[in-house]
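Student: So that we are looking at the same thing, I have put the structure below in structure tokens.
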Amino acid sequence: MKVQTQALLIINGKGASNEALREAVYNLRAEGVELAVRVTWEHGDAARYVIEAIELGVETVIAGGGDGTINEVASALITHSTDSRPALGIIPLGTANDFATSCSIPIEMDQALKLAVQGRATDIDLARVNNEHYFINMATGGFGTRITTETPEKLKSALGGVSYFIHGLLRMDTLKADRCEITGPDFTWQGDALVIGIGNGRQAGGGQVICPDALINDGLIQLRLLTAEELLPSFLRSLLSDEENKNILSASLPWLEINAPHDMTFNLDGEPLTGKHFRIDILPNALQCRLPPHCALLG
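With full-length UniProt numbering applied, the sequence shown closes on residue 299, and no number is skipped along the way.
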């Protein structure tokens, strides 16, 4: 008789040697859980493993990695019909783990794995960009995007999330704004933006809370703009102070459009996307994700 596989764990290759996760997998299997494990080597592997998971009929596909890995698995899941789509589980194995941290996913591998397999599946939203790209946590544009995409891997490995902050201070000479127009339902803004945050989740760049009011089950994305009226003072206040900044604009919208006279680059959970036009829609209740009951991102 064919054994029913309950879950398939997709691990980013960088985290494949994690001994605590290996032990957690062995322990869960010893309890009778049928858990398959796959390791990614290159882009596109996660999508292939999601197809394999659906063919196996698993209840859960677990993304083991950072925000990029979670988004890659989520983006693959959304392309399949709801009838066959497994729930999403999360194991935080990345440098920053911004989405997992916001969701209160345990950092202990055994607890995270048990939650990913046995936790209650909850409907969550997913954001879609230009009808073909997705992000589960956040899209960032402007100076913040350049920092998160340019921070050296060795610095990230050594310092974790704080590396983004340090690298940002080292690159202050590149500080410049993006001129663009942003529109949405009952919202219009035009000007120079230093940082643009579009959040389904709340934080990015290694713990920087950019969209503090975002929820992953409210059918909305939170837009946060740091305008460039006072470039350097405004940027430093945004990093170093919790005080209200008059140069920060905020709105919660079901969709928005961004148009620019020049190419802009947005970081979609680690995937850079460059263009002059971006249409971002929220897809309500797009996926099911196994989350702790005290998850702060649930309304």
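Where is the CB? At the ideal position from N, CA and C, for every residue including glycine.
1. For Pro293, count neighbouring C-beta atoms within 10 Å of its own C-beta (all shown protein chains included) and say buried if the count is 16 or more, exposed if not.
2. On the premise that Gly32 lies in contact with Thr60, defined as a C-beta separation below 8 Å, what is that separation, rounded to the nearest angstrom?
3. Sort out for me which residues DSSP pairs Ile51 with in a bridge.
4. Extract the residue ranges of the alpha helix (DSSP H) inside the UniProt domain "DAGKc" (2 to 133), only unbroken runs of 4 or more that lie entirely within it.
5. Have a look at Ile91 and Leu9 and give me their C-alpha separation to the nearest angstrom.
6. Counting Cβ pairs closer than 8 Å, one from the region 188 to 206 and one from the region 120 to 138, do we hit at least three?
7. Taking Cβ to Cβ, would you say Ser102 is nearer than 8 Å to Ala296?
8. Mind checking whether Thr142 and Asp98 have CB atoms under 8 Å apart?
9. Pull up the distance between the alpha-carbon of Leu231 and that of Asn131, whole angstroms please.
10. Do Leu28 and Met109 have their C-beta atoms closer together than 8 Å?
11. Using C-beta distances below 6 Å, list every residue in its chain close to Asn71, excluding the 5 sequence neighbours before and after it, in chain order.
12. Our contact map puts Asp66 next to Ala24 with C-beta atoms below 8 Å; I'd like the distance itself, whole angstroms only.
13. Buried or exposed: which applies to Ala228, given that a residue is buried once 16 or more other Cβ atoms fall within 10 Å of its Cβ?
14. Which two residues bound the contiguous beta strand (DSSP E) that contains Ile259?
15. Straight-line CA distance for Arg120 to Ile280?
16. How about Ala74 and Leu126: are their beta carbons less than 8 Å apart?
17. Over the uninterrupted beta strand (DSSP E) stretch that includes Gly191, give me the two end residues.
18. Identify which residue in Leu253, Ile182, Pro284 and Asp192 has its Cα closest to the Cα of His277.
19. Using the C-alpha atoms, what's the distance from Leu298 back to Ile216?
20. Can you pull the DSSP bridge partners for Pro272?
21. Just how far apart, CA to CA, sit Leu249 and Leu273?
22. Taking Phe93 as the reference, give the member of Val195, Ala112, Arg224 and Leu226 with the closest Cα.
23. Applying the criterion that 16 or more other CB atoms from any shown protein chain within 10 Å of the CB defines a buried residue, is Ala76 buried or exposed?
24. Within a Cβ cutoff of 7 Å, which residues of the same chain sit near Leu253, ignoring the five residues on either side of it in sequence?
25. Could you give the distance in angstroms between the alpha-carbon of Leu194 and the alpha-carbon of Leu225?
26. Excluding five sequence neighbours on each side, which residues of the same chain lie with their C-beta closer than 6 Å to the C-beta of Pro284?
27. Pull the bridge partners of Arg202 from the DSSP assignment, please.
28. When the distance is taken between beta carbons, is Gly13 closer than 8 Å to Val39?
29. Go to Ile178, then tell me how far its beta strand (DSSP E) extends in each direction, as first and last residue.
30. Output the distance between the C-alpha atoms of Gln6 and Gly44, rounded to the nearest integer angstrom.
Tutor: Walking through what the data contain:
1. By 1-based counting over the sequence shown, the position of residue 293 is 293. Label assigned to Pro293: exposed.
2. The residue given as residue 60 occupies position 60 in the sequence shown. The residue given as residue 32 occupies position 32 in the sequence shown. At roughly 15 Å, the Cβ-Cβ gap does not stay under 8 Å, so Thr60 and Gly32 are not in contact.
3. Start at 1 with the first residue of the sequence shown, and residue 51 comes out as number 51. Paired residues: none, contrary to the question.
4. 19 to 30, 45 to 56, 67 to 77, 98 to 102 and 109 to 118
5. Position 91 of the sequence shown, counted from the start, is the residue given in the question as residue 91. Position 9 of the sequence shown, counted from the start, is the residue given in the question as residue 9. The alpha-carbon atoms of Ile91 and Leu9 are separated by roughly 9 Å.
6. yes
7. Residue 102 sits at position 102 when you count from the first residue of the sequence shown. Residue 296 sits at position 296 when you count from the first residue of the sequence shown. Yes, these two residues count as a Cβ contact at 8 Å.
8. Here residue 142 is taken as the residue at index 142 of the sequence shown, counted from 1. Here residue 98 is taken as the residue at index 98 of the sequence shown, counted from 1. Strictly speaking, residue 142 in this sequence is Gly, with Thr absent from that position. In this structure, Asp98 does not lie closer than 8 Å to Gly142 by Cβ.
9. For the purposes of this step, residue 231 is taken as residue 231 along the sequence shown, with counting starting at 1. For the purposes of this step, residue 131 is taken as residue 131 along the sequence shown, with counting starting at 1. The pLDDT assigned to Leu231 is 49, lower than 50, so where the model puts this residue is not dependable; a value taken from the coordinates is nonetheless given after this. The C-alpha of Asn131 is placed about 33 Å away from the C-alpha of Leu231.
10. Start at 1 with the first residue of the sequence shown, and residue 28 comes out as number 28. Start at 1 with the first residue of the sequence shown, and residue 109 comes out as number 109. No, they are not a contact pair.
11. The residue labelled residue 71 in the question sits at position 71 within the sequence shown. The beta carbon of Asn71 sits closer than 6 Å to those of Phe135, Ile136 and Asp269, all from its chain and outside the five residues before and after it, given in chain order.
12. Here residue 66 refers to the residue found at position 66 of the sequence shown. Here residue 24 refers to the residue found at position 24 of the sequence shown. Checking the displayed sequence, the identity of residue 66 turns out to be Gly instead of Asp. Rounded, the Cβ-Cβ distance is 18 Å, inconsistent with contact.
13. Indexing the sequence shown from 1 puts residue 228 at position 228. If you draw a 10 Å sphere on the C-beta of Ala228, you find 16 or more other C-beta atoms in it, and that means buried.
14. The residue given as residue 259 occupies position 259 in the sequence shown. A quick correction: the sequence has Asn, not Ile, at residue 259. Annotation for Asn259: the continuous beta strand (DSSP E) segment containing it runs Trp255 to Leu268.
15. Within the sequence shown, residue 120 is the residue found at index 120, counting from 1. Within the sequence shown, residue 280 is the residue found at index 280, counting from 1. The alpha-carbon atoms of Arg120 and Ile280 are separated by roughly 29 Å.
16. For the purposes of this step, residue 74 is taken as the residue at position 74 of the sequence shown. For the purposes of this step, residue 126 is taken as the residue at position 126 of the sequence shown. Yes, these two residues count as a Cβ contact at 8 Å.
17. Within the sequence shown, numbered from 1, the residue matching residue 191 stands at position 191. Counting along the chain, the beta strand (DSSP E) containing Gly191 begins and ends at Phe187 to Gly199.
18. If you number the sequence shown from 1, residue 277 lands on position 277. Checked all of Leu253, Ile182, Pro284 and Asp192; the closest Cα to His277 is Ile182.
19. The residue labelled residue 216 in the question sits at position 216 within the sequence shown. The residue labelled residue 298 in the question sits at position 298 within the sequence shown. Cα-Cα distance, rounded: 6 Å.
20. Reading the sequence shown from its first residue, position 272 is the one you call residue 272. Answer is Asn267, bridged to Pro272.
21. To locate residue 249, count along the sequence shown from 1; it is residue 249. To locate residue 273, count along the sequence shown from 1; it is residue 273. Roughly 23 Å between the two C-alpha positions.
22. As a working mapping, residue 93 is identified with position 93 in the sequence shown. In the sequence as presented, Phe is not what sits at residue 93; that position holds Leu. Nearest of Val195, Ala112, Arg224 and Leu226 to Leu93, Cα basis: Ala112.
23. Counting from one through the sequence shown, the residue named residue 76 turns up at place 76. With 16 or more other Cβ atoms within 10 Å, it is buried.
24. In the sequence shown, the residue the question calls residue 253 occupies position 253. Gly184, Pro185, Phe187, Leu220, Ile221 and Leu223, listed in sequence order.
25. Position 194 of the sequence shown holds residue 194. Position 225 of the sequence shown holds residue 225. Computed Cα separation, rounded: 8 Å.
26. Within the sequence shown, the letter at position 284 stands for residue 284. Asp125 and Gly219.
27. What you label residue 202 is simply residue 202 of the sequence shown in a count that begins at 1. Bridge partners of Arg202: none, in fact.
28. One-based indexing of the sequence shown puts residue 39 at position 39. One-based indexing of the sequence shown puts residue 13 at position 13. Cβ distance < 8 Å, so Val39 and Gly13 count as in contact.
29. Along the sequence shown, read from residue 1 onward, the residue named residue 178 stands at position 178. Per the sequence presented here, residue 178 reads as Asp, with Ile not at that position. First-last of the beta strand (DSSP E) with Asp178: Asp178 to Gly184.
30. The residue given as residue 6 occupies position 6 in the sequence shown. The residue given as residue 44 occupies position 44 in the sequence shown. Gln6 and Gly44 have their C-alpha atoms roughly 23 Å apart.
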